[in-house]
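In numbering that gives the first Met the number 0, the protein residues as written are 0 to 99.
Glycine included, C-beta positions come from ideal geometry on N, C-alpha and C.
These notes are about the structure you will find just below.
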Amino acid sequence: MEPAPADELQAAAALLRCEHSFPVQPPEGTLWAPGPCTHCGTPSANYPRDIPERLHEPLAAVLAKAAEQARRNELLAPRHRRDVTTALGLARALNGGDHG
Ligand SMILES: [Zn+2]
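Structure (structure tokens):
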């Protein structure tokens, strides 16, 4: 079964708000393996490291708002449904980060 849009949006927002430690591995100098989130323990496989840090919170805010709207789906005006659909594309790109 497909996850609910609200859940996909919320998961992507959480991903952007996760904080992973990035320990440098001394032997190679430049190797690093992010640890799990220091808050919720989520593994770092999907950490959106190709998105600048300064964009994480603004994007998370957009996704969290869209998740709210998706939860109230039956009340949504068409304009808001489009916003949710647009945000869902962003959420799926983030959530699918471990595939590419
Ligand atoms: Zn987390």
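- Boundaries of the alpha helix (DSSP H) harbouring R16: P4 to R16, taken from the DSSP string.
- Judged by pairs of C-beta atoms under 8 Å, the stretch 36-46 does not touch the stretch 63-72, as fewer than three such pairs exist.
- Around ligand 1, the residues selected by a Cβ distance under 5 Å to any of its heavy atoms are C17, C36, H38, C39 and T41, following chain order.
- Contiguous alpha helix (DSSP H) elements confined to the stretch 33-76 occur at 52-70, taking only those with 4 or more residues.
- Excluding the 5 residues flanking it on each side, R16 has same chain C-beta neighbours closer than 6 Å at A59, in chain order.
- Between A10 and N72, the CB-CB gap reaches or exceeds 7 Å.
- Of the residues I50, H55, H19 and P4, the one whose Cα lies closest to the Cα of H38 is H19.
- The alpha-carbon separation between R53 and A5 amounts to approximately 24 Å.
- With fewer than 16 other Cβ atoms inside 10 Å of its own Cβ, E56 counts as exposed.
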